[in-house]
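Chemist: First the structure, then my questions, so here it is.
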């Protein structure tokens, strides 16, 4: 059973803008600034922590205002860091453009988060019951991906490796991705990312026979696939989307929290669906719910 979440996925800062539409190439559009908050793997860690699964951040962070913001946000969630701050770089950031239907488009500027060496990862202390979260963003970074892939490939078998390939799935170097996929226990992704990796049959052929693949389908719920088992459909929660930023991350964190509670796969993913629905119904990133908020949200919907 999962007892703790260790994130190798990087935490950055999200600068969120509301736009009436995406601008044409060479054009312009008036936007309103919604806010600035910790994002990336923070959304996974905070969603899990708010539902009772403790975590640690084993990724990089910088020296500067963005690094300070990230550390303060993690501290509020009770999530400690293990690496010292990079003295030469600040934490990177993402410009998130949110359209009226809640869809978001990202532009990412990397910083300390994109630099990871094997030596920096070596002191990470794992223990039985750890789930190790890996993001495709970090695997795609030229200054971080190789070190993370090598580290993950050598993790002890009793650790649960969780991979979310993310929007940069197609940009991950093929051999690097293959080495991580062979070690994955849980692969969680959306339909766009699944297509970038070659489709379901290709993915199932790359992971170990005991691995579980969670296909997040937004308003259509989610489907659980196993190499040697039949697909299981998990229903969605109907909600008006206000902002989809971080919804997939919240789903990952909440689903892992469900597994930590001893729930079966279907009920754990249902918890993820409910938490993600809560997140998209509210503005801003990192909107994972607590149990009380989820109960209130459920009562208001049924």
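In my numbering, the protein residues as written are 614 to 915. Beta carbons are placed, not taken as given, at the ideal position from N, Cα and C, and that holds for glycine.
#1: Grab the span of the beta strand (DSSP E) containing residue 851 for me, first residue to last.
#2: Could you check whether residue 779 and residue 808 sit closer than 8 Å to each other, using their CB atoms as the reference points?
#3: The alpha helix (DSSP H) with residue 877 in it runs from where to where?
#4: DSSP three-state label for residue 740, please.
#5: Less than 7 Å between C-beta atoms, sequence neighbours within five positions excluded: which residues of the same chain meet that for residue 812?
#6: Compare the C-alpha of residue 851 against each of 620, 892, 837 and name the closest.
#7: Taking only three categories from DSSP, how would you classify residue 716?
#8: Buried or exposed for residue 821, please, with buried defined as at least 16 other CB atoms from any protein chain shown within 10 angstroms of its CB.
#9: Suppose you measure from the CA of residue 725 to the CA of residue 826; what does that come to, to the nearest Å?
#10: Buried or exposed for residue 642, going by 16 or more other Cβ atoms inside 10 Å?
#11: Does DSSP classify residue 789 as helix, strand or coil?
#12: Leaving aside the five residues before and after residue 687 along the sequence, list all residues of the same chain whose C-beta is less than 6 Å from its C-beta, in chain order.
#13: What residues in its chain sit with their C-beta under 6 Å from that of residue 702, if we drop five residues either side in the sequence?
#14: Shorter than 8 Å from the beta carbon of residue 750 to some beta carbon of chain D?
#15: How is residue 687 classed by DSSP in three states: helix, strand or coil?
#16: Starting from the C-beta of residue 615, find all residues in its chain whose C-beta is less than 8 Å away, skip the five residues before and the five after it, and write them out in chain order.
#17: Bridge partners of residue 649, per DSSP?
#18: Below 6 Å CB to CB, which residues in the same chain sit around residue 717 once its five sequence neighbours on both sides are set aside?
#19: Here's the rule: buried if 16 or more other CB atoms are within 10 angstroms of the residue's CB, otherwise exposed. What is residue 848?
#20: Identify which residue in 765, 876, 799, 805 has its Cα closest to the Cα of residue 838.
#21: For my contact list, residue 652 and residue 627 are in at a C-beta cut-off of 8 Å; report their separation, rounded to the angstrom.
#22: Got a sec? Which residues, its chain only, sit under 7 Å from residue 915 by beta carbon, not counting five neighbours each side?
#23: How is the alpha helix (DSSP H) around residue 814 delimited, first residue to last?
#24: Where does residue 641 sit, in a helix, a strand or coil, going by DSSP?
#25: Where does the unbroken beta strand (DSSP E) through residue 777 begin, and where does it stop?
#26: With 16 other CB atoms within 10 Å as the buried threshold, where does residue 731 fall?
#27: What does the Cβ neighbour count give for residue 664, buried or exposed, with the cut at 16 atoms within 10 Å?
Modeler: The relevant details are as follows:
#1: Premise fails: residue 851 is in no beta strand (DSSP E) and is neither H nor E.
#2: In this structure, the beta-carbon distance from residue 808 to residue 779 does not fall below 8 Å.
#3: No alpha helix (DSSP H) contains residue 877, which DSSP labels as neither H nor E.
#4: Residue 740: coil per DSSP, three-state reduction.
#5: When the five nearest sequence neighbours on each side are left out, no beta carbon in the same chain lies closer than 7 Å to the beta carbon of residue 812.
#6: The option with the nearest alpha carbon to residue 851 is 892.
#7: If DSSP states are grouped into helix, strand and coil, residue 716 belongs with coil.
#8: Counting C-beta atoms within 10 angstroms of its own C-beta, residue 821 has fewer than 16 neighbours from the protein chains shown and is therefore classed as exposed.
#9: Looking at the backbone, the Cα of residue 725 and that of residue 826 are separated by about 31 Å.
#10: Burial call: exposed.
#11: DSSP, reduced to helix, strand and coil, places residue 789 within a helical segment of the structure shown.
#12: Taking C-beta separations shorter than 6 Å and ignoring five residues to either side along the sequence, the partners of residue 687 in its chain run 670, following chain order.
#13: Excluding positions up to five away in sequence, the list reads 675, 724, 725.
#14: The structure shown has no chain D; it contains just one protein chain.
#15: Under the three-state reduction of DSSP output, residue 687 falls in the helix class.
#16: So the qualifying residues of the chain are 666, 742, 743, 744, 773, 869, 872, 873.
#17: 628.
#18: For residue 717, the CB contacts under 6 Å within the same chain, skipping 5 residues up- and downstream, are 709, 711, 857, 858 in chain order.
#19: That one is exposed.
#20: Restricting attention to 765, 876, 799, 805, the CA atom closest to the CA of residue 838 is found in 799.
#21: With a contact defined as Cβ atoms closer than 8 Å, residue 652 and residue 627 qualify at about 3 Å.
#22: Residue confidence is low: residue 915 scores 43 on pLDDT, short of 50, so the model does not pin down where it sits. No coordinate-derived value is stated.
#23: For residue 814, the enclosing alpha helix (DSSP H) has its first and last residue at 813-819.
#24: Coil.
#25: Annotation for residue 777: the continuous beta strand (DSSP E) segment containing it runs 773-777.
#26: In summary, residue 731 is exposed, with fewer than 16 beta-carbon neighbours lying within 10 Å of its beta-carbon over all protein chains present.
#27: Under a 10 Å Cβ-count criterion, residue 664 is classified as buried, with 16 or more other Cβ atoms of the shown protein chains found around its own Cβ.
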